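Colleague:
There are 2 protein chains.
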Amino acid sequence: MSAVPTDLDAYLTTHDARIQRELFELLRIPSVSARSEHDADTARAAEWVAQSLRDAGLEASVHPTAGHPVVVGEWRGAGPSAPTVLVYGHYDVQPAEPLELWTSPAFEPTVRDGKLFARGSVDDKGQLFLHVKALEAHLKARGKLPVNVIVLAEGEEEVGSEHLAAFIEANAARLQADAVIISDSAMFAPGLPSILSSLRGLAYFQIDVQGPAQDLHSGSYGGAVVNPAMALARILATLHDAHGRIAIPGFYDTVREWPASVRQQMKTLPFDEEHFRAEAGSPALGGENGYTVLEQLWTRPTCEVNGLLSGYTGEGAKTVLPAKAMAKVSCRLVPDQDPAAIEALMKAHVARVAPKGVAVTVTHLHGGRPWRAELAGPLFDAARRALAAAFGTEPVITGEGGSIPVVGDFQRILGAPVLLVGFGLPGENAHAPDEWMSMENFTTGMRAIAMLWDELGTNGVRRT
Amino acid sequence: MSAVPTDLDAYLTTHDARIQRELFELLRIPSVSARSEHDADTARAAEWVAQSLRDAGLEASVHPTAGHPVVVGEWRGAGPSAPTVLVYGHYDVQPAEPLELWTSPAFEPTVRDGKLFARGSVDDKGQLFLHVKALEAHLKARGKLPVNVIVLAEGEEEVGSEHLAAFIEANAARLQADAVIISDSAMFAPGLPSILSSLRGLAYFQIDVQGPAQDLHSGSYGGAVVNPAMALARILATLHDAHGRIAIPGFYDTVREWPASVRQQMKTLPFDEEHFRAEAGSPALGGENGYTVLEQLWTRPTCEVNGLLSGYTGEGAKTVLPAKAMAKVSCRLVPDQDPAAIEALMKAHVARVAPKGVAVTVTHLHGGRPWRAELAGPLFDAARRALAAAFGTEPVITGEGGSIPVVGDFQRILGAPVLLVGFGLPGENAHAPDEWMSMENFTTGMRAIAMLWDELGTNGVRRT
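If you're matching them up, the sequences are chains C and U in order.
Counted the way this note's numbering counts, the first sequence spans residues 1 to 464.
Counted the way this note's numbering counts, the second sequence spans residues 465 to 928.
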């Protein structure tokens, strides 16, 4: 097992304090892509990332889209005969609410017990930034990289990457690459570097139920006017059967089974369901009967309520018959489920089960395709060696319950294989209060990525 | 048919502008009993009502309770041999939210098309105030009333009159009365004065479902961790069967059937279900199969969702698996259902149907007993004559879907018959945005009540 090259390691060690200071600066920008009141912050984060790329030695530009801007960094110094590798990350973050559940403010980075707490620390600013600094180490310590590099940072990952596919398509020639590297996922356990074999897709809906024209007195109207909140509950209750299986007709028709060998490998991973339950703080685990937790998370689709709102939700009692009720409902998808097909099934199902007396609208807010990797070839081998060198142990192959919709787009538009190698950890609270990233993983991950460039240069990933 | 005595009518006509000005003053006080931030306003409204009673010629005092204060006005000038009649009303109001749906501000009384728009205009400040002014007419125009009078105004009607029963019990000797009059209901139709034969009771619950210890990433945990919002929906969906009948075991065991004659009389009332539907703005009516709308509203219990809250409810999409979900659920009750018994049935039912993997708590926020009137005797006859005189037409006997929990308390503690005669109108938006009271009903109702005192003096309501 080779070690991380000393010149790169020395550079990153020497500049450790500045790197952390810069990371904190980025994390202080509340670039919440879902909230229009943060549009200026999101734009500021894009400019910040572009400047950071320039400081690292790349050329960088900020490209407006119909949504939030895309940042492109480029270093083409390896010449036209060398391979080109594209690094993707995102500078936008999830909303930080509920703010009162954060131990320290969401946008004031704070280190406690080796954990860096901040919205975006691990998802994905911290992981994007360690790539920028790994590139900087090469370009500052050696003045060059062994391959050409493109960095693509978007600002709409947390709202479905709505405009990214169009951007990649419109700039396909410029973005042409032999491989794509993404760090927006987690290691399976501390000290256990991980390469991802799959991602779930997403189909995210809002269900709006309109009852009476306005809120009514529940005494004067209750019993005759159909209650939209009760109607919504009855609709949501039809989404699963008694065995935790999704009851939307046709929902599982395109689910591809996993090879027995992969299911077997999953069972060998060091995973304690009771520890997972305790870490989630859940009274008991549930879900679809007949599957282990890792199978449920990595290989099976879901249908979840993400939000509910209707009527009076304040202190005390108000005897109101609400005019309307709303649910946010999202399905995690697995290969080969298609978000558009799931949208059609969901809409047909809700229309079929919706009670009389209310008007029900299902809106598809966004979707992303599921993905499964090919676990072979020079890109995979280079990553395996770099991770082993930096972390001192062979990486494991894992699945991922979350979604990175753009992965499918890269593969489809650029035709390049995608490597997913992330440095988060279980319990990192991505999308929740007290999101954190391990400082050790940031530091070691940055060195693993620095080494990865050497491996890519040595072994080549040029597509034939 | 006798007319309203001319001296009382003349007094009220002369002072019309001042009476309206004073009413507006009362309506401007945002005495929202459900919200602790309005405690000072609620206290101010109590003092205002007490002063108004004093100005009318009664003695008045404000009595603190563990909640909001009770106002007592008294005029004992008819002497110990004359009957005593107690008038009850409430000076607290429902929350005004959602504020953006009010055409004019909730606490800025505004007259449009003969309707007085303001929170509390009809429920119940306007109706309480017309009683105060009817008493003032007698005491100012004649210097006396034919019977002794007690006015009891509370500030917790909209939150379940929690401390009123204890207050009445503690002051039973002082509050001893031969009859109780309450105006906190509506006429069946414009121009059709109405005497109420029944009220529904209430059992109001909050259901809290706790899943994981905090909000989780729906990708990283979804499929294995039980979703509390989905669990809540599944619980709520068990509350009714497919025929709109409440499916809580034992729920109907104590429902007393109505006499066939009363059900028959209900069918003769001028009621258009399509008009009711259109006025509610509901796409179609629903509820328990096999009953007319008036039967559903007046004679059958309900189980309604009044509010829902869980997870992310803002703009756009957030892929969160919520830590908790909350529903406000209330049951309207009919004789002889008992709120405490319904609480026990609800708690047992929810415990039985709650999914594994979540912790479910059912809290009984407040309750009130249903009530049915005796439609005979001198009190009923006096009301019938006074209403006929003021409105120029015989009153009808109607039911009421709403709840006035204190009615049962008066009958139980004071042993006095209760007369419910109200001057609201269908569509008055009580508990909703744009609550209004008909100015004509205010004016004519005030005169009917002024005349009622003469009728009570002439015919007597002294209990034997």
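For every residue, glycine included, the Cβ atom is placed at its ideal position computed from N, Cα and C.
All values derive from a computational prediction rather than experimental measurement.
For the 8 Å Cβ check, are there 3 or more pairs between the segment 655-674 of chain U and the segment 736-752 of chain U?
Modeller: Touching, no.
Colleague: Who are the Cβ neighbours of residue 1 of chain C in its own chain at under 7 Å, not counting the five residues just before and after it?
Modeller: Walking along the first sequence from the start, residue 1 of chain C turns up at place 1. Here residue 1 of chain C scores only 41 on pLDDT, less than 50, and its place in the model should not be relied on; the value that follows carries that caveat. Hits under 7 Å: 388 and 389.
Colleague: Residue 475 of chain U and residue 513 of chain U look like a contact to me (Cβ under 8 Å); what is the Cβ gap, rounded to whole Å?
Modeller: The residue you call residue 475 of chain U lines up with position 11 of the second sequence. The residue you call residue 513 of chain U lines up with position 49 of the second sequence. Wrong, their Cβ atoms sit about 21 Å apart, outside the cutoff.
Colleague: My understanding is that residue 179 of chain C touches residue 379 of chain C, with C-beta atoms under 8 Å, so please give their C-beta distance in whole angstroms.
Modeller: Your numbering for residue 179 of chain C matches position 179 in the first sequence. Your numbering for residue 379 of chain C matches position 379 in the first sequence. About 5 Å separates the two Cβ atoms, so the contact holds.
Colleague: Determine the contact status of residue 437 of chain C and residue 428 of chain C, defining contact as a CB-CB distance below 8 Å.
Modeller: Here residue 437 of chain C refers to the residue found at position 437 when the first sequence is read from its first residue. Here residue 428 of chain C refers to the residue found at position 428 when the first sequence is read from its first residue. Yes.
Colleague: Determine the contact status of residue 668 of chain U and residue 909 of chain U, defining contact as a CB-CB distance below 8 Å.
Modeller: Numbered from 1 along the second sequence, position 204 holds the residue referred to as residue 668 of chain U. Numbered from 1 along the second sequence, position 445 holds the residue referred to as residue 909 of chain U. Result no, Cβ atoms of residue 668 of chain U and residue 909 of chain U do not sit closer than 8 Å.
Colleague: With 16 other CB atoms within 10 Å as the buried threshold, where does residue 286 of chain C fall?
Modeller: What you label residue 286 of chain C is simply residue 286 of the first sequence in a count that begins at 1. That one is buried.
Colleague: Across which residues does DSSP place residue 328 of chain C in a beta bridge pair?
Modeller: On the first sequence, position 328 is the one that residue 328 of chain C refers to. For residue 328 of chain C, which the question treats as bridged, DSSP gives the partners C:206 and C:307.
Colleague: Three Cβ pairs or more, each shorter than 8 Å: is that satisfied between the segment 140-153 of chain C and the segment 108-122 of chain C?
Modeller: Output reads no: the segment 108-122 of chain C does not touch the segment 140-153 of chain C.
Colleague: According to DSSP, is residue 901 of chain U part of a helix, a strand, or is it coil?
Modeller: By 1-based counting over the second sequence, the position of residue 901 of chain U is 437. Correct three-state label for residue 901 of chain U: strand.
Colleague: From the DSSP output, in three-state form, read off residue 601 of chain U for me.
Modeller: In the second sequence, counting from the first residue as 1, residue 601 of chain U sits at position 137. Note: residue 601 of chain U maps to helix in three-state DSSP.
Colleague: Where do the ends of the beta strand (DSSP E) carrying residue 608 of chain U lie?
Modeller: Taking the first residue of the second sequence as position 1, residue 608 of chain U is located at position 144. Segment: none, residue 608 of chain U is in no beta strand (DSSP E) and carries neither H nor E.
Colleague: Can you grab the Cα-Cα spacing for the pair residue 457 of chain C / residue 397 of chain C, in whole Å?
Modeller: Numbered from its first residue, the first sequence carries residue 457 of chain C at position 457. Numbered from its first residue, the first sequence carries residue 397 of chain C at position 397. Straight-line Cα distance between these residues: approximately 23 Å.
Colleague: Here's a check: name, in chain order, each residue in its chain whose Cβ is nearer than 6 Å to the Cβ of residue 535 of chain U, leaving out the five neighbours to either side.
Modeller: As a working note, residue 535 of chain U is residue 71 in the second sequence. These residues qualify, in order along the chain: 510, 513, 514, 526 and 617.
Colleague: Could you say which of U:488, U:791 and U:907 lies nearest to residue 825 of chain U if we only look at CA atoms?
Modeller: The residue you call residue 825 of chain U lines up with position 361 of the second sequence. Of the candidates U:488, U:791 and U:907, the one whose C-alpha sits nearest the C-alpha of residue 825 of chain U is U:791.
Colleague: When the Cα of residue 382 of chain C is compared with those of C:33, C:451, C:89 and C:42, which residue comes out closest?
Modeller: To locate residue 382 of chain C, count along the first sequence from 1; it is residue 382. The shortest Cα separation from residue 382 of chain C among C:33, C:451, C:89 and C:42 belongs to C:451.
Colleague: Consider the Cβ of residue 127 of chain C: report whether some Cβ of chain U lies at a distance smaller than 8 Å.
Modeller: Here residue 127 of chain C refers to the residue found at position 127 of the first sequence. Judged by the 8 Å Cβ criterion, residue 127 of chain C is not in contact with chain U.
Colleague: For the candidate residues U:602, U:599, U:664 and U:561, whose alpha-carbon lies nearest to that of residue 759 of chain U?
Modeller: As a working note, residue 759 of chain U is residue 295 in the second sequence. Checked all of U:602, U:599, U:664 and U:561; the closest Cα to residue 759 of chain U is U:664.
Colleague: Would you mind sorting residue 820 of chain U into buried or exposed? The rule is 16 or more other CB atoms within 10 Å of its CB.
Modeller: Numbered from 1 along the second sequence, position 356 holds the residue referred to as residue 820 of chain U. The residue is exposed, with fewer than 16 neighbouring Cβ atoms inside 10 Å.
Colleague: Taking the C-alpha atoms as reference points, what is the distance between residue 571 of chain U and residue 917 of chain U?
Modeller: Here the question's residue 571 of chain U lines up with position 107 in the second sequence. Here the question's residue 917 of chain U lines up with position 453 in the second sequence. About 32 Å.
Colleague: Tell me whether residue 410 of chain C sits in a helix, a strand or coil according to DSSP, three-state version.
Modeller: The residue you call residue 410 of chain C lines up with position 410 of the first sequence. Correct three-state label for residue 410 of chain C: helix.
Colleague: To the nearest angstrom, how far is the alpha carbon of residue 177 of chain C from that of residue 288 of chain C?
Modeller: Here residue 177 of chain C is taken as the residue at index 177 of the first sequence, counted from 1. Here residue 288 of chain C is taken as the residue at index 288 of the first sequence, counted from 1. Cα to Cα, residue 177 of chain C sits roughly 40 Å from residue 288 of chain C.
Colleague: Locate the beta strand (DSSP E) running through residue 721 of chain U, then write down its first and last residues.
Modeller: As a first step, residue 721 of chain U is located in the second sequence; it is residue number 257 there, counting from the start. Premise fails: residue 721 of chain U is in no beta strand (DSSP E) and is neither H nor E.
Colleague: Residues of the segment 301-324 of chain C in Cβ contact with chain U at a cutoff of 9 Å, in chain order, please.
Modeller: Against chain U - using a Cβ distance shorter than 9 Å - the residues of the segment 301-324 of chain C are 301, 302, 303, 304, 305, 306, 307, 308, 309, 310, 311, 312, 313, 314, 315, 316, 317, 318, 319, 320, 321, 322 and 323.
Colleague: Go ahead and pull the three-state DSSP assignment for residue 658 of chain U.
Modeller: Taking the second sequence and counting its residues from 1, one reaches residue 658 of chain U at position 194. Strand, per DSSP.
Colleague: Against residue 882 of chain U, what residues of chain C qualify as contacts under a CB-to-CB distance less than 9 Å, listed in chain order?
Modeller: For the purposes of this step, residue 882 of chain U is identified with residue 418 of the second sequence, where counting begins at 1. Simply none; closest approach about 17 Å.
Colleague: I want to know whether the segment 784-801 of chain U touches the segment 694-706 of chain U - three or more CB-CB distances under 8 Å.
Modeller: The segment 784-801 of chain U, when compared against the segment 694-706 of chain U, does touch it at the 8 Å Cβ threshold.
Colleague: Sorted by chain position, which residues of the same chain lie with C-beta nearer than 8 Å to residue 489 of chain U's C-beta, five sequence neighbours on each side aside?
Modeller: By one-based count along the second sequence, residue 489 of chain U stands at place 25. If we look at residue 489 of chain U and ignore the five residues flanking it on each side, its Cβ neighbours are 512.
Colleague: Should residue 542 of chain U and residue 468 of chain U be called a contact, given that it needs their Cβ atoms to be closer than 8 Å?
Modeller: For the purposes of this step, residue 542 of chain U is taken as the residue at position 78 of the second sequence. For the purposes of this step, residue 468 of chain U is taken as the residue at position 4 of the second sequence. No, they are not a contact pair.
Colleague: Using only alpha-carbon positions, find the residue among C:331, C:442 and C:384 that is nearest to residue 455 of chain C.
Modeller: Position 455 of the first sequence, counting from 1, holds the residue named residue 455 of chain C. For residue 455 of chain C, the nearest C-alpha among the options comes from C:384.
Colleague: With DSSP run on the structure shown, which of helix, strand or coil describes residue 219 of chain C?
Modeller: As a first step, residue 219 of chain C must be located in the first sequence, where it is residue number 219. Helix.
Colleague: Let me confirm a value: residue 500 of chain U is counted as buried when at least 16 other C-beta atoms fall within 10 Å, else exposed. Which label applies?
Modeller: Looking up residue 500 of chain U in the second sequence gives position 36. That one is exposed.
Colleague: State the DSSP-derived secondary structure class of residue 452 of chain C, mapped to helix, strand or coil.
Modeller: Walking along the first sequence from the start, residue 452 of chain C turns up at place 452. Of the three classes helix, strand and coil, the one that applies to residue 452 of chain C here is helix, per DSSP.
Colleague: What's the C-alpha gap between residue 316 of chain C and residue 591 of chain U?
Modeller: Along the first sequence, one-based indexing puts residue 316 of chain C at 316. Along the second sequence, one-based indexing puts residue 591 of chain U at 127. Roughly 25 Å between the two C-alpha positions.
Colleague: Are the C-beta atoms of residue 730 of chain U and some chain C residue less than 8 Å apart?
Modeller: For the purposes of this step, residue 730 of chain U is taken as the residue at position 266 of the second sequence. False, the Cβ-Cβ gap to chain C never drops below 8 Å.
Colleague: To the nearest angstrom, how far is it from the Cα of residue 637 of chain U to the Cα of residue 878 of chain U?
Modeller: Within the second sequence, numbered from 1, the residue matching residue 637 of chain U stands at position 173. Within the second sequence, numbered from 1, the residue matching residue 878 of chain U stands at position 414. Roughly 9 Å separates the two Cα atoms.
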